[in-house]
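Residues in the sequence shown are numbered from 1 upward in steps of one, following the numbering used here.
Heads up, the beta-carbon is just placed ideally off N, CA and C, and yes, glycines get one too.
Notes follow once the structure below has been shown.
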Amino acid sequence: MFDPVCPSELMPIRIGDKWGGMIIQCLEGGPRRLSELMVPLRTVTPKVLTKSLRAPS
Numbered sequence: 001m002f003d004p005v006c007p008s009e010l011m012p013i014r015i016g017d018k019w020g021g022m023i024i025q026c027l028e029g030g031p032r033r034l035s036e037l038m039v040p041l042r043t044v045t046p047k048v049l050t051k052s053l054r055a056p057s
């Protein structure tokens with residue numbers, strides 16, 4: 001982690017909540033509607049997904 005050639009310093013320390021990393025990966029190609037996000041994130045309830053998207057960074 002503290003190796004100078006390790007890219008860990010490029011990664012954020014915290015990516016929101018439990019689903020943050022998956023949401024970021026789904027939004028990598030650009031903006032998507034909530035219904036479009038629900039397809040790859042089918043295990044996340046709409047309420048939790050909305051809460052995760054509205055959470056301050």
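In the displayed model, T45 falls within coil according to three-state DSSP, outside both helix and strand. Only residues of its own chain outside the window of five on either side were considered, and among them none has a CB closer than 6 Å to the CB of K18. I23 is classed as buried because its beta carbon has at least 16 other beta carbons within 10 Å across all chains shown. Nearest Cα to P46 within the set L34, R54 and L27: L34.
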